[in-house]
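This report concerns only the one structure given below.
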Amino acid sequence: MGDVKNIQVLDSTLPVGTGVKLATNTVGGQPYSAWVLQQVYDSNGKPLDNVYVDRNNDGIINENDRYFKPIRPRWTYGFSTTFNYKNWDLNAAFRGQIGGLIYNTRKIAQGLKSYTIPSNSLNLNNTLASTADSPFTISDNLYLSDYFLEDATFLKLDNVTLGYVFKNVFKSTNVRVYASVNNVYTWTNYTGQDPENFTGIDNNFYPRPRTYTIGFNFNF
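Here this note's numbering is used: the first residue of the sequence shown is 39, the next is one more, and so on.
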């Protein structure tokens with residue numbers, strides 16, 4: 039955890055809510071570090087509404103109580119493997135990262151009272167709705183809680199390609215038929231849409247598509 043006293047903030051960027059800044063460019067810290075408040079939890083591990091650690095013990099929760107957490111992953115990696123059996127070939131490509139953090143803005147929207155239906159509202163049948171009250175109220179400090187920072191570690195199966203070679207189809211010509219899938223699967227503990235985000239903020243970006251390809255290769 040970085041201390042505000044030891045890191046000079048150059049510029050605040052990457053808005054989370056209206057007028058709210060989460061990540062910063064810093065001197066003495068990692069670019070796009072998260073500048074957040076430390077959430078307080080109850081004995082059951084549940085976050086307390088608008089209760090944060092007063093890091094400088096002045097009795098006030100403000101920007102002086104915020105601290106830095108690096109967003110960038112410690113390691114990124116990739117590897118691939120190929121299997122061949124008779125006329126068959128199978129290739130799989132993997133990519134991932136270890137460490138890093140991502141800010142789950144979707145979790146905020148799901149937790150705000152103003153974005154849910156009150157439990158005592160009437161539905162179209164003029165009966166009481168059953169939607170439960172949300173546990174969080176809106177405040178600028180809520181957007182800055184480190185509760186919404188999640189581990190961005192992941193392993194992705196980027197591509198799988200399966201092929202088969204038909205030999206001597208046209209005299210000495212071989213034909214390889216293959217099928218390929220991109221963006222196959224992601225292993226992660228992140229609860230949002232996608233842990234892979236260079237900004238470290240999952241702000242409802244467009245999801246990566248899964249694509250399917252069928253093709254032919256001719257070897258004369």
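Beta carbons are placed, not taken as given, at the ideal position from N, Cα and C, and that holds for glycine.
Assumed close pair residue i, residue j - CB separation to whole angstroms, cut-off 8 Å
i    : j    : result
L128 : F117 : Not quite, the Cβ-Cβ distance comes to about 15 Å (not below 8 Å), so this is no contact.
L180 : N88  : 7 Å
F186 : E234 : About 18 Å separates the two Cβ atoms, so there is no contact after all.
T92  : D103 : The residue asked about is misnamed: residue 92 is Asp in this sequence, not Thr. Contact flag correct, Cβ pair sits at about 6 Å.
I109 : G83  : At roughly 24 Å, the Cβ-Cβ gap does not stay under 8 Å, so I109 and G83 are not in contact.
CA-to-CA distance, residue j to residue i, given in whole angstroms
i    : j    : result
F254 : P111 : 39 Å
I146 : R246 : 22 Å
I252 : A130 : 16 Å
T224 : G230 : 12 Å
T211 : R248 : 33 Å
Y228 : N142 : 9 Å
N95  : E101 : 13 Å
Local conformation of residue i per DSSP, three classes
i    : result
E101 : helix
I109 : coil
T143 : helix
D240 : strand
R246 : coil
F186 : helix
Neighbourhood of residue i by C-beta distance below 8 Å, restricted to the same chain and skipping five residues each side
i    : result
Y115 : R133, G134, Q135 and I136
Cutoff 6 Å; reference residue i; Cβ partners in own chain excluding five residues on either side
i   : result
D41 : Here the model assigns D41 a pLDDT of 47, short of 50, so the residue's position is not dependable and the matter cannot be decided.
**OP:** Evaluate contact between the stretch 202–218 and the stretch 234–242, counting only Cβ atoms and requiring at least three cross-stretch pairs below 8 Å.
**Re:** no
Original post:
Counting Cβ pairs, one atom from each stretch, are 3 or more of them under 8 Å apart for the stretch 196–203 and the stretch 75–92?
Top reply: no
**OP:** Count the CB pairs spanning the stretch 186–198 and the stretch 207–225 that are closer than 8 Å, and state whether there are at least three.
**Re:** At 8 Å Cβ cutoff, the stretches touch.
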